[in-house]
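Here the structure is laid out as structure tokens; the discussion comes afterwards.
Protein chains in written order, with the numbering used here: chain A, 1 to 614; chain B, 1001 to 1265.
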């Protein structure tokens, strides 16, 4: 057999997985040798090394490049290898089967569009055969074939093959995974790899090579609703370009985009590209793209652009299936960095519902930790609202990783939206923003004119900590500096806007905070820096500040907490003032924070900040 | 062509991730076909701009035409070029006759490490490809190096979907490899598709030989070939079974594994 050298039409990423020593690297070596895909001298070079070291040549040595791998006869890390067959370029990822290297297997499988899962005919279904089968499903690799290897060692017997097929199909069926094919092979001897075996006339299905040819390029995600996570915003020249990789759907010039969770909206003015003539006017799933908008709205990395009729979910909590690879166990209530598409946000594990044993899919409840290489169902809670999808509907925006210190330590798929207490207010804000009637003057026009953008400085804390005094002082300082600032005092709402409420109703934080938040929202829309305190809410300031935050979104809230003694801070506090306060110093710190957050214009760090320019 | 755009989209995504997360970022440019394609992809990713410096580790043994080509493109494309050299080793007379691994380690690995340390780069983008040789096949897109610039291939970080390793302890750095999934043919197909200027040492100019891989003059030999155009090269590569780096002396024996563990490109 010789390789056909036609021009490739597409690339397909395939991963080979399975229990250690079941023959993955051998299968790969054989596939290359039998299709004439090895470079000249490669076979001879490896044979010579084997001879020199006094051991028998194995096809596996062709790709186990590290000395240590050859000495121990196992694959340590995934190798990408390439071969061309019938007009398609295959990138084949050989994943290690040893359980110690599970993270490497997962890295390999996460890159794949289809998989071959190997089972040794003599040993049968082993621990990693099951774990890998389960993880393929969790990682979203839905196309795969099961290769039953070493058939030569069981005398090419059909009953052995049938027994393994039955056992493994039952296991896969428990989580609804369906392989395209079970193939009996001997990788060592080349049976049913590239060439049909003469030893197993009872098998009439496809060879490994034919099976690869039958795998389809990933289903057209372009037909789904649009999802484009914002990767970055550039302003290298006159153009302000929003970049991202389209995860699903398509977009074109003139489309109305909604960015979640900020709810900002604008129309696509142009699609930008380098060295493409004529300039493109559309994009679709898979493309790394850049667009300019008709309005200079402030959007950031991490937001998801979609069309208005199919929005992603927004919440601060979701339920997920997770696999853990961290050196130290995942712990309930410990803080991790969550990354969903391009969004990065602090989170904590709210609860661990159960640990799943991948051997028999048994479930264990009541655990407060998830150990390395375990799979678990859990609920995560984020510090700020995140846009995402359920993994069953959208692959790329429905999965996530957790970072522990410097390392990606786990990954998973989102199975369920968990409603949080801000859900109703968030929906109110979304509906109100979509229907918002705008004049000719844009938010950006106001920012240009004022030299700053809108924000809320919210001062929280117990009674008699100096909140009102600081708020007055800050307002005075901002106005003296030429900023447009306004002190919103809750007392002024009570006597006017809230005059229709009964005494009892005025005691309810929820409705009071909602009214307060909507007034602040109006004021920020005028481009003001609103300075305010949570005085009207007394000790319920934590609840109130959450509601205000939700309603003024996407205007930034700079949270300042004042207290006489050390105490637990409300979530998302930016500036902490403890003990006797030097009000001048406190004002200066808040101004610094306003600069850091990009409310007051200034260049930050070595790299000019293009996110927002005024 | 569709497969080239798929590769391009992936590489552009990686380059943009690198630019977003590394404040002190640089790209290694050896003027060879791969790192020149990488440079072109940066211009794609950043819409005609290259927002980080290009590093060239000059061993002083490069073929002169490569230096001319470097300076010309740097001018035309307004590149910020940073050239590093292990002057100490050269002054001491380092050359390939002292042993190829010894010479590569001194002039390239150590030259690179000195440059990184001196400039404090925390992210370095390189044009290595998985199909070049065995240890590169096992690389990550974002691959950490320790305080000594060494690669711990036994314990590489997980790389899940489009989530890469972008956080790292002080004193270490990350090597970024946007071209891992490209093959030698893909590189030439893309050069043709985008009409990227390349150095003509890759073509036969009448004597029936050309360079297939470019390194230092003493350690790189031309191959027998009559390919006079990019089309000829692509045609030739579709039928060859000779390894790309067969003209590179440092690949003999376990040369590359030893070199790369110590931080070679």
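Beta carbons are placed, not taken as given, at the ideal position from N, Cα and C, and that holds for glycine.
Boundaries of the beta strand (DSSP E) in which residue i is found, first to last residue
i: residue 561(A); result: 557-563
i: residue 1271(B); result: The first residue shown for chain B is 1001 and the last is 1265, placing residue 1271(B) beyond what the model contains.
i: residue 264(A); result: 264-272
i: residue 190(A); result: Where residue 190(A) is concerned, there is no enclosing beta strand (DSSP E), given that its DSSP letter is neither H nor E.
i: residue 291(A); result: 288-293
i: residue 1084(B); result: 1081-1084
i: residue 1214(B); result: Premise fails: residue 1214(B) is in no beta strand (DSSP E) and is neither H nor E.
Helix, strand or coil at residue i [DSSP, three-state]
i: residue 1035(B); result: helix
i: residue 124(A); result: coil
i: residue 173(A); result: helix
i: residue 498(A); result: helix
i: residue 203(A); result: coil
i: residue 464(A); result: coil
i: residue 108(A); result: helix
i: residue 1182(B); result: coil
i: residue 1052(B); result: coil
i: residue 85(A); result: strand
i: residue 613(A); result: Unreliable placement is indicated for residue 613(A), whose pLDDT of 35 sits below 50; the coordinate value is still reported in the next sentence. Coil.
i: residue 1004(B); result: helix
i: residue 341(A); result: coil
i: residue 1230(B); result: helix
i: residue 1109(B); result: helix
i: residue 414(A); result: strand
i: residue 1220(B); result: strand
i: residue 179(A); result: coil
i: residue 536(A); result: helix
i: residue 455(A); result: strand
i: residue 1156(B); result: coil
i: residue 256(A); result: strand
i: residue 511(A); result: helix
i: residue 133(A); result: helix
i: residue 409(A); result: strand
i: residue 1196(B); result: coil
Bounding residues of the alpha helix (DSSP H) (the contiguous stretch that carries residue i)
i: residue 1064(B); result: 1064-1076
i: residue 34(A); result: 24-34
i: residue 545(A); result: 541-552
i: residue 49(A); result: 42-52
Bridge partners - residue i, DSSP secondary structure assignment
i: residue 93(A); result: 15(A), 80(A)
i: residue 251(A); result: 283(A)
i: residue 1123(B); result: 1025(B), 1174(B)
i: residue 115(A); result: 15(A), 144(A)
i: residue 597(A); result: For residue 597(A), which the question treats as bridged, DSSP gives no partner whatsoever.
i: residue 1144(B); result: 1174(B)
i: residue 578(A); result: 563(A)
i: residue 195(A); result: 191(A)
i: residue 319(A); result: 379(A), 416(A)
i: residue 336(A); result: 347(A)
Beta-carbon proximity check, residue i vs residue j, cutoff 8 angstroms
i: residue 1125(B); j: residue 1027(B); result: yes
i: residue 1194(B); j: residue 1237(B); result: no
i: residue 394(A); j: residue 224(A); result: yes
i: residue 1008(B); j: residue 1033(B); result: no
i: residue 1140(B); j: residue 1157(B); result: yes
i: residue 286(A); j: residue 241(A); result: no
i: residue 534(A); j: residue 545(A); result: yes
i: residue 388(A); j: residue 339(A); result: no
i: residue 14(A); j: residue 325(A); result: no
i: residue 18(A); j: residue 132(A); result: yes
i: residue 116(A); j: residue 147(A); result: yes
i: residue 539(A); j: residue 560(A); result: no
i: residue 163(A); j: residue 181(A); result: no
i: residue 37(A); j: residue 1003(B); result: no
i: residue 379(A); j: residue 341(A); result: no
i: residue 381(A); j: residue 316(A); result: yes
Inset, instruction - Let me know the beta strand (DSSP E) ranges lying completely inside the region 347-403 of chain A, each 3 residues or longer, listed in chain order. - result: Complete beta strand (DSSP E) runs here, min 3: 363-365, 375-388.
Legend entry - Whole runs of the beta strand (DSSP E) within the region 225-251 of chain A, excluding any shorter than 3 residues: Look at the region 225-251 of chain A and you find these whole runs of beta strand (DSSP E), each 3 residues long or longer: 228-234, 241-245.
Inset, instruction - Ignoring anything shorter than 4 residues or poking outside the region 416-448 of chain A, list the alpha helix (DSSP H) runs there in chain order. - result: Assignment of alpha helix (DSSP H) within the region 416-448 of chain A, counting only whole runs of 4 or more residues, yields 423-435 in chain order.
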